[in-house]
Every structure is written in structure tokens, then in C-alpha cells.
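To keep things clear, I will list the structure first and then write my remarks on it.
Protein chains: 2
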Amino acid sequence: MPKDSTPADVVTLDRYDRQILEILQHHGRINNQELAERIGLSPSPCLRRVRALEDSGLITGYRALVDAKRLGHSLTALLHISMDRHTPERFANFEAKVAALPQVQECLLITGQEADYQLKVVVHDMDDYQNLLLNQITRIEGVTGAHSSFVLRRVLEHRPVPSHPDTPY
Amino acid sequence: MPKDSTPADVVTLDRYDRQILEILQHHGRINNQELAERIGLSPSPCLRRVRALEDSGLITGYRALVDAKRLGHSLTALLHISMDRHTPERFANFEAKVAALPQVQECLLITGQEADYQLKVVVHDMDDYQNLLLNQITRIEGVTGAHSSFVLRRVLEHRPVPSHPDTPY
DNA sequence: CTTTTTTTGGCATATAATTCCAATATCATT
DNA sequence: AATGATATTGGAATTATATGCCAAAAAAAG
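The structure is reproduced here in C-alpha cells:
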């Protein structure tokens, strides 16, 4: 019987699982033998734990990271979008249109008076950006405003989600 | 001799490389045999290409994706930070302080009158957020303003960087 | 069309993943 | 502290995958 009640879908992890998550968030393609060695377990329980973390949905997938600049996408922008009406239809339509644009790396529905969505987009240059903004995004039904910020430098990116509870100051 | 001059570090890829990048950005831990099969090559040239993409720096790494909510981080926020002075020392100090906070998933230096940095942070709840904001971030030297947005829903996340040139409208 | 260069496919070998089970450790209870 | 029940581990055997090599095929250059 559990000593403490936590929401059903929030998991409790021991040190091995935390180490696994930590390492896999940095080195997603590390092999199991090396991973096992690093956490101080033999390969078979280590693999079982990784599979359990995947099956439980805690690890949702693996991604290769790609250097956008080397692919010719030298401009990254944050786009704040406001909508005229906050109806499910408006939102659903916007989201579908935006999902069809390959330049959109991320789309978040956010709070705030200034915007309803934040998009992160990558493009080749300012011309492409202008084109994307004026010919694609602002033409989506219900979009009343768009405010652009450009990413000058990526200070931190893809950092691991803490597997410990938050530090209480 | 190349027919066309492109910036030295921007690469040109054939269809196999593009397929590899596309697939690995979705399934970062796919095995080489499966990958080879999907792109229509035999395993050995496929692996050679993957290694070449890694060695060239086009693939910068691999990451496991973790469900933050399942780890107890139910609140994600975007924090726009403005600084008093735009000196290298101010920036370097801010960036170092922020890098020491495990809740910070991303930190971007951006253009715009409203903010100098955008942080993406994950916390357990609003109390933790308040604590992070008031006791940690706003206390960093030079921070004059902080503006919060909360993520209501992640519409799109971790989308692949397009490996084709931008669609010209 | 021929030569040169690059890339591929298949095979042999090395390395890693996976399964199974006995042994060990952990936990709750008395 | 001892007991029994449960969960977890480590190692060996097996299966699957990655890696290196080379001859053959393809692509590019002349």
C-alpha cells in the first residue's frame, strides 16, 4: 500500500530511473551497455527500466537534433499571434493551418493580453520571413495581430526536465 | 568542382540524407536496419550516411523527450525579461545565473522593445513559479522587468527542421 | 565513350539487445 | 530481529544489430 497519495498519473522514481532520464535527455542514442555502466546497473535491469519508462509514457519519444543554420535556416523568430474570437472553431482552424507550415517548429496556446499563440519559426532569410508572415500566417482566418521577435542567440536549448522535485528556494 | 557556390558551412543534401534527417527527427532511436529499409538503401551505406551527418555537425545530438507533467511539472511558463543595460557583463552574468536554474528549459536572447530574453520554464505549481520568479529570477542583477505568459496547451512541439529549401509561396 | 571518383550491397565479424531464470535484495508484518 | 511475500537484479544463452571490408555498380568528369 502506498504511504502517500499522489495523482494517479504522476510517477515516483528511484535514483536509477532519474539517472536514466537525465542521461537519455542528453544522449538519446546511448547504447544500453554504456547506459547501464554509467548508472551502475547491469545491462538487463537497465534495459527493463528504459522500456518501463517508455511504456509508462514518461519517455514520449526520441529525436535527433539538427543544426537549422547548416540547413540554410539562418533566421529563427518568435511570433505572437492574437485572434479576434476565442471560439473552438477559430482555434482549430488556426492550428490546422499552422500545422501545415513546415517552418513552424513550435506552436503554444498561451495566456496574456498580448497574444493567444506563440509560434517559433525557422526560415532562410528575412524575405522568407516576410513571405511567411504576410502571405501565410496573417491570412489565416481570425488572426488580428502578429508581433515578431527574432532570436539573436540560443543561450540554452533542449535542457532536461528536472526529475527531482523543485528546489524549495 | 562545385557548380554553384554556397556558404562553406551550408550543406547540400540528396534525397537519402533528407529522408534520414526527417526520420531521425521523429524517431531518434530507430535502428539502422529499419532506417535503411525505410529510405530504400541497404544498411551499410545508410549507416555511413548517418555517421557522416553526425560528423559534419548537421546532426548535433539525440534527446529523449520526457513528459514534464508526469514528472510533476504541471505548469509551463514563458518569461520575458528585460535588462537595465545591454553590456556583455550583464548578459554573461544573467546567462550564468539562469543556466544554474534547472527549471529553465530554454533561454533565448531576442530582439524587441519589450524584452531582451525569453525563458521557458517548467514548475510544479503556481507557488513554485512565484518562488522562482520572485526569489531567483528577478533578483539577478540588471533584471528590470519580467512578464509572464503561461502555456495553456502545446499545440505543436519538437517539429522537424525542414530539410528542403523554403517553399517560395 | 573512356577514365576517374564516388557510392553501393553483401558478407564476415564484432558488438549490443533481449530473454530467461536462479539468486539477491527489499518491504511489510509480526 | 525473523519471516514470508514481492520485486529487482545479474549472468548466460540466444537473437538481433552494427561495423568494417571489398568487389561491383553507379555517377561524374573529361
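Chains as they are written, first to last, in our numbering: chain R, -7 to 161; chain G, -7 to 161.
Each residue gets a CB set at the ideal place from its N, CA and C atoms; glycine is no exception.
Here the structure is a predicted model, which means the values were calculated and not measured.
Buried or exposed (CB count within 10 angstroms, at least 16 for buried), residue i
i	result
G/S36	exposed
G/G49	exposed
G/L126	exposed
R/M75	buried
G/G137	exposed
G/G20	buried
G/S34	exposed
G/L144	exposed
G/G64	buried
R/H116	buried
G/R151	buried
G/V42	buried
G/A44	exposed
R/H156	exposed
G/P154	buried
G/D119	exposed
G/R40	exposed
R/R55	buried
G/V2	exposed
R/D108	buried
R/H78	exposed
G/E81	exposed
G/Q105	exposed
R/Q95	buried
Within-8 Å CB hit, residue i to chain R
i	result
G/E149	yes
G/E133	no
G/Q97	yes
G/G137	no
G/V113	no
G/R40	no
G/L125	no
Helix, strand or coil at residue i according to DSSP, with G and I counted as helix
i	result
R/A138	strand
G/V153	coil
R/L57	strand
G/E148	For the record, residue 148 of chain G in the displayed sequence is Leu; it is not Glu. Residue state, collapsed to three classes: strand.
Below-8 Å beta-carbon distance, residue i vs any chain G residue
i	result
R/I51	yes
R/I102	yes
R/A44	no
R/P35	no
R/Q110	yes
R/R30	no
R/L27	no
Handout entry: Any alpha helix (DSSP H) of 4 or more consecutive residues that is wholly inside the region 68 to 136 of chain G
Key = Listed in chain order, the complete alpha helix (DSSP H) runs (minimum 4 residues) inside the region 68 to 136 of chain G are 80 to 91, 118 to 123.
- Task: May I have a chain-ordered list of the alpha helix (DSSP H) segments no shorter than 4 residues that lie completely inside the region -4 to 57 of chain R?
- Result: 7 to 18, 24 to 31, 35 to 47
Item to complete: Check each residue of the region 73 to 98 of chain G: if its Cβ is closer than 8 Å to any Cβ of chain R, include it; give the result in chain order.
Response: E87, V90, A91, P94, Q95, V96, Q97, E98
query = Between the region 6 to 21 of chain R and chain G, which residues of the former have CB atoms less than 8 Å from a CB of the latter, in chain order?
reply = L13, L16, Q17, H18, H19, G20, R21
Q. Taking any Cβ of chain R, which residues in the region 58 to 72 of chain G have a Cβ under 7 Å from it, in chain order?
A. V58, D59, A60, R62, L63, G64, H65, L70
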